[in-house]
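>
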Amino acid sequence: MYNVATRGPFKGLNPRVAFVSIVAVLIIVALAIYRTDQVDAAVSGARDFLSPLLEWYYVAAMAFFLVLVIWLGIGRYKDVRLGRDDEVPEFTTLSWLAMLFAAGMGVGLLFWAVAEPLSHYGGNPFVAGDGDPATADMSMVLTYFHWGLNAWAVFALLALMLAYFGFRRGQPLALRSALHPMLGKYVHGWPGDIVDLLAILATVFGIATTLGLGIQQLGSGLDHLTGMGTSATTEVVITAVLTAIAVLSVVTGLQSGVQRISQANMWLSAGLLALLLIWGPTQYLLALVVQSTGSYLQNLMGLSLYTHAHHTDGWHADWTVFYWGWWLAWAPFVGLFIARISRGRTLREFVMGVLLVPTMITFVWLGLLGGTALYAESEGMAGIAAAVSEDMTRATFLTMETLEPGMIAIGGSLLVTVLIATYLLTSANAGIVVINTLLAHGSTEHRTVHLATWGGAMGLLTAVLLLAGGLEVLQSAVILAALPFSLVMLVMIVGLIRGLEEERWAPRPGEHNIVPSEPWQVPPDRAYEDFDVEDDAPLAEDSPERDDEGWRSRQG
Numbered sequence: 018m019y020n021v022a023t024r025g026p027f028k029g030l031n032p033r034v035a036f037v038s039i040v041a042v043l044i045i046v047a048l049a050i051y052r053t054d055q056v057d058a059a060v061s062g063a064r065d066f067l068s069p070l071l072e073w074y075y076v077a078a079m080a081f082f083l084v085l086v087i088w089l090g091i092g093r094y095k096d097v098r099l100g101r102d103d104e105v106p107e108f109t110t111l112s113w114l115a116m117l118f119a120a121g122m123g124v125g126l127l128f129w130a131v132a133e134p135l136s137h138y139g140g141n142p143f144v145a146g147d148g149d150p151a152t153a154d155m156s157m158v159l160t161y162f163h164w165g166l167n168a169w170a171v172f173a174l175l176a177l178m179l180a181y182f183g184f185r186r187g188q189p190l191a192l193r194s195a196l197h198p199m200l201g202k203y204v205h206g207w208p209g210d211i212v213d214l215l216a217i218l219a220t221v222f223g224i225a226t227t228l229g230l231g232i233q234q235l236g237s238g239l240d241h242l243t244g245m246g247t248s249a250t251t252e253v254v255i256t257a258v259l260t261a262i263a264v265l266s267v268v269t270g271l272q273s274g275v276q277r278i279s280q281a282n283m284w285l286s287a288g289l290l291a292l293l294l295i296w297g298p299t300q301y302l303l304a305l306v307v308q309s310t311g312s313y314l315q316n317l318m319g320l321s322l323y324t325h326a327h328h329t330d331g332w333h334a335d336w337t338v339f340y341w342g343w344w345l346a347w348a349p350f351v352g353l354f355i356a357r358i359s360r361g362r363t364l365r366e367f368v369m370g371v372l373l374v375p376t377m378i379t380f381v382w383l384g385l386l387g388g389t390a391l392y393a394e395s396e397g398m399a400g401i402a403a404a405v406s407e408d409m410t411r412a413t414f415l416t417m418e419t420l421e422p423g424m425i426a427i428g429g430s431l432l433v434t435v436l437i438a439t440y441l442l443t444s445a446n447a448g449i450v451v452i453n454t455l456l457a458h459g460s461t462e463h464r465t466v467h468l469a470t471w472g473g474a475m476g477l478l479t480a481v482l483l484l485a486g487g488l489e490v491l492q493s494a495v496i497l498a499a500l501p502f503s504l505v506m507l508v509m510i511v512g513l514i515r516g517l518e519e520e521r522w523a524p525r526p527g528e529h530n531i532v533p534s535e536p537w538q539v540p541p542d543r544a545y546e547d548f549d550v551e552d553d554a555p556l557a558e559d560s561p562e563r564d565d566e567g568w569r570s571r572q573g
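Numbering (this note's numbering) for the sequence shown: 18 to 573.
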């Protein structure tokens, strides 16, 4: 395989990309430890400086990605297969959809499912009311928007590019392969190294942000259940413990254990939703999911192109720009997983499955958790919105307290805490493997030292970002890390389109065989061929004057 070392400390990896990326992460870690205030100020200043650009650039890019993905699924290339023409899908449709469900669930949904709707319920730029039904409806629409089709379009697009060049073109399962139609053999040089480097750095910051948010929420959950309190020290200890478990699982080959935890996550998540439906406001929740989905679809185009042009507050930068940066940073992570399980699918099957199934599951999750909190807030049952404005990490646990009887509320909080811990573990475990896979050009054979190194680096980065400023620094870091990778994705799209143009499904340039004419005119070269010149009537089927073979050939 190109650019992969066969010996030395970087054996099995691209040595140039691996060395530069690990040095870059360690430099950031060192600065965050010894220059904490300066790092906080630098990251916040860079975000403030770039926000005016990102507020329209990220919006335009994400809208373009969604339109492009839909076109790939229903346009001229919809029957192109991610593999050979005669290849069947690697997994059954049911298994494939189940794995897409696993890709769609994560600790981020546990953090934001309550915190985001209640934040928008307290105020958003689209509805002037505060606490009325219109505000509640728009709060769910905005939450659906940030977690819906636009987000999954990014994942689907990157996964499609990886799968197309990896399974159909026989290239390595690496991001640089998408540049092959433009650069040829030079893709294995420094241009490809830059693409891989930016993808890895974006992935590292995206995973660190997710882990950081989850660790903050896990600390609040433990405090809620035990009264142990929360502090930066507690968060660092949780980070160290989870990192150690994740590294141990990947270096000792305990992958079957992690897979069992992933399967348990699915059933525990289903149990949490069932608990909300049974002991929560069932009819309200079901009605809310249906109504919010309809409102989301109705407002999708306007929201996809909304840039906050007439406002000077930070709502758009704090919410939409953050989410778009987060999804861009997570795209290599989720995209590689989706690409690996989608071999043999046509573009139509792929796009419909990846766009629709995770989005629908996410909507149900957000509707039930967020809807329970909105119902409690609108009925005056709990001051969840006020608590969210002070500390977002407590939102989900305060929502569980609204369930009756009290033991159900305690059980719900315990279940949420367990889910956060297990999702953090599986995310960290998968993140370690994905980063090494990107460095190894798609190879799944990894050395223990490489797994341990990147596991430790991710844990350190997460811990120091939490110490440097918590949630704000995490959000700013992922937004900035995603910017250069978004440019890489635009270049990769050019490579994908050039590759698809060579497919046999693409229409070829045509040549005129007859003189163009209006549809109501008879072409000059066919004016008399099928008519009897004496009575201007069509020749009968049994007419001896007609040459059957010649007539049929002309009818074509």
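Each residue gets a CB set at the ideal place from its N, CA and C atoms; glycine is no exception. In this text, all values refer to a predicted model and were calculated from it rather than measured experimentally.
Can you find a CB in chain D that lies within less than 7 Å of the CB of Asp57?
Protein chains in the displayed structure number just one, and chain D is not present.
> Between which two residues does the alpha helix (DSSP H) harbouring Glu72 extend?
The sequence position of residue 72 within the sequence shown is 55, counting from 1. Per DSSP, Glu72 belongs to the alpha helix (DSSP H) from 53-91.
> Could you give the residue range of the alpha helix (DSSP H) that holds Asn31?
The count along the sequence shown starts at 1 and reaches residue 31 at position 14. It is not in any alpha helix (DSSP H) - Asn31 carries neither H nor E in the DSSP assignment.
> Is the distance from the Cβ of Glu252 to the Cβ of Ile232 below 7 Å?
In the sequence shown, counting from the first residue as 1, residue 252 sits at position 235. In the sequence shown, counting from the first residue as 1, residue 232 sits at position 215. Contact flag set, yes.
> Between Thr53 and Ala485, is the Cβ-Cβ spacing less than 7 Å?
Within the sequence shown, numbered from 1, the residue matching residue 53 stands at position 36. Within the sequence shown, numbered from 1, the residue matching residue 485 stands at position 468. Yes, Cβ-Cβ distance for Thr53 and Ala485 is below 7 Å.
> Are three or more beta carbon pairs between the segment 280-293 and the segment 130-145 nearer than 8 Å?
No, the segment 280-293 does not touch the segment 130-145.
> So, under 8 Å CB-CB, Phe184 and Gly92 are touching, yes? Tell me the CB distance rounded to an integer number of Å.
Stepping through the sequence shown from its first residue, residue 184 is reached at position 167. Stepping through the sequence shown from its first residue, residue 92 is reached at position 75. With 8 Å as the limit, Phe184 and Gly92 do not qualify as a contact, their Cβ atoms being about 20 Å apart.
> If contact is defined by three or more beta carbon pairs under 8 Å, each pair taking one atom from either stretch, is the segment 504-518 in contact with the segment 188-199?
Touching, yes, given that three or more Cβ pairs across the two stretches are closer than 8 Å.
> State the beta-bridge partners of Ala22 as determined by DSSP.
Here residue 22 refers to the residue found at position 5 of the sequence shown. Note: Ala22 sits in a beta bridge opposite Lys28.
> In terms of residue numbering, what span does the alpha helix (DSSP H) encompassing Ala257 cover?
For the purposes of this step, residue 257 is taken as residue 240 along the sequence shown, with counting starting at 1. Note, Ala257: alpha helix (DSSP H), 249-268.
> Count the other CB atoms within 10 Å of the CB of Ala35; is the residue buried (16 or more) or exposed (fewer)?
Against the sequence shown, residue 35 aligns to sequence position 18. With 16 or more other Cβ atoms within 10 Å, it is buried.
> Using a 10 Å radius around the Cβ and a threshold of 16 neighbouring Cβ atoms, would you call Pro69 buried or exposed?
For this step, residue 69 is matched to residue 52 along the sequence shown. The residue is exposed, with fewer than 16 neighbouring Cβ atoms inside 10 Å.
> Over what stretch of residues does the alpha helix (DSSP H) that includes Thr416 continue unbroken?
Here residue 416 is taken as the residue at index 399 of the sequence shown, counted from 1. 412-417 is the extent of the alpha helix (DSSP H) around Thr416.
> Are the beta-carbon atoms of Leu372 and Trp164 separated by less than 7 Å?
Along the sequence shown, one-based indexing puts residue 372 at 355. Along the sequence shown, one-based indexing puts residue 164 at 147. Not in contact: Leu372 and Trp164 (Cβ atoms no closer than 7 Å).
> Do the segment 149-161 and the segment 404-421 touch if we need at least three Cβ pairs shorter than 8 Å?
Result no; under three Cβ-Cβ pairs closer than 8 Å.
> Rounded to whole angstroms, what is the Cα-Cα separation between Phe82 and Val435?
Your numbering for residue 82 matches position 65 in the sequence shown. Your numbering for residue 435 matches position 418 in the sequence shown. Computed Cα separation, rounded: 35 Å.
> Tell me which residues share the same chain as Ile45 and place their Cβ nearer than 6 Å to its Cβ, disregarding the 5 neighbours each side in the sequence.
As a working note, residue 45 is residue 28 in the sequence shown. Same-chain partners within the cutoff: there are none.
> When you compare each of Thr479, Val490, Thr465 to Phe27 by their alpha carbons, which one comes out closest?
Reading the sequence shown from its first residue, position 10 is the one you call residue 27. With distances taken between Cα atoms, Phe27 lies closest to Thr465.
> Expressed to the nearest angstrom, what Euclidean distance is found between the alpha-carbon atoms of Val42 and Val84?
By 1-based counting over the sequence shown, the position of residue 42 is 25. By 1-based counting over the sequence shown, the position of residue 84 is 67. Roughly 34 Å between the two C-alpha positions.
> Which partner residues does Arg186 have in the DSSP bridge list?
Taking the sequence shown and counting its residues from 1, the one referred to as residue 186 is at position 169. For Arg186, which the question treats as bridged, DSSP gives no partner whatsoever.
> Leaving out five residues before and five after Tyr392 in sequence, what residues of the same chain have Cβ atoms less than 7 Å from its Cβ?
Start at 1 with the first residue of the sequence shown, and residue 392 comes out as number 375. Taken in chain order, the residues that qualify are Pro298, Tyr301.
> Measure the alpha-carbon distance for Glu396 versus Gly139 and round it to whole angstroms.
Position 379 of the sequence shown holds residue 396. Position 122 of the sequence shown holds residue 139. Whole-angstrom Cα-Cα distance: 15 Å.
> How about Lys95 and Arg362: do their beta carbons lie closer than 7 Å?
For the purposes of this step, residue 95 is taken as the residue at position 78 of the sequence shown. For the purposes of this step, residue 362 is taken as the residue at position 345 of the sequence shown. No, Cβ-Cβ distance for Lys95 and Arg362 is not below 7 Å.
> Just checking, does the segment 494-502 make contact with the segment 328-344 on the three C-beta pairs under 8 Å criterion?
Cβ pair count under 8 Å is three or more, so yes.
> Starting from the C-beta of Leu285, find all residues in its chain whose C-beta is less than 8 Å away, skip the five residues before and the five after it, and write them out in chain order.
On the sequence shown, position 268 is the one that residue 285 refers to. If we look at Leu285 and ignore the five residues flanking it on each side, its Cβ neighbours are Leu432, Val435, Leu436, Thr439.
> Please list the segments of the alpha helix (DSSP H) lying wholly inside the segment 449-489, counting only runs of 4 or more residues, in order along the chain.
The qualifying runs are 465-486.
> Could you check what DSSP says for Val131 in three-state terms: helix, strand or coil?
The sequence position of residue 131 within the sequence shown is 114, counting from 1. In the structure shown, Val131 sits in a helix (DSSP, three-state: H, G or I).
> Tell me, to the nearest whole angstrom, how far the beta carbon of Phe118 is from that of Ile378; I am working on the premise that it is less than 8 Å.
In the sequence shown, counting from the first residue as 1, residue 118 sits at position 101. In the sequence shown, counting from the first residue as 1, residue 378 sits at position 361. About 6 Å; that satisfies the 8 Å criterion.
> Could you give the DSSP three-state label for Asp549: helix, strand or coil?
Position 532 of the sequence shown, counting from 1, holds the residue named residue 549. Below a pLDDT of 50, predicted positions are generally treated as unreliable, and Asp549, at 47, falls in that range; the measurement from the model is reported next regardless. If DSSP states are grouped into helix, strand and coil, Asp549 belongs with coil.
> Considering Glu407, what are the terminal residues of the alpha helix (DSSP H) in which it resides?
Residue mapping note: residue 407 aligns to position 390 of the sequence shown, counting from 1. First-last of the alpha helix (DSSP H) with Glu407: 401-407.
> With a threshold of 16 other CB atoms inside 10 Å of the CB of Trp382, please say whether the residue is buried or exposed.
For the purposes of this step, residue 382 is taken as residue 365 along the sequence shown, with counting starting at 1. Buried is the call here.
> From the DSSP output, in three-state form, read off Arg521 for me.
Residue 521 sits at position 504 when you count from the first residue of the sequence shown. Arg521 falls in the coil class under three-state DSSP.
> Within its chain, find whatever has a CB closer than 6 Å to the CB of Leu230; leave out the 5 residues flanking it on each side and keep chain order.
Mapped onto the sequence shown, residue 230 falls at position 213. Closer than 6 Å at Cβ, skipping near neighbours: Phe128.
> Between Tyr181, Gly387, Leu175, which has its C-alpha nearest Val212's C-alpha?
For the purposes of this step, residue 212 is taken as residue 195 along the sequence shown, with counting starting at 1. Comparing Cα positions, the closest option is Leu175.
> Going by DSSP, name the residue or residues bridged to Val105.
Counted from its first residue, the sequence shown places residue 105 at position 88. DSSP, once it has assigned bridges, lists no residue as partnering Val105.
> Apart from the five residues just before and just after Val505, which ones in its own chain have a Cβ nearer than 6 Å to its Cβ?
On the sequence shown, position 488 is the one that residue 505 refers to. Cβ within range, chain order: Val212, Leu215.
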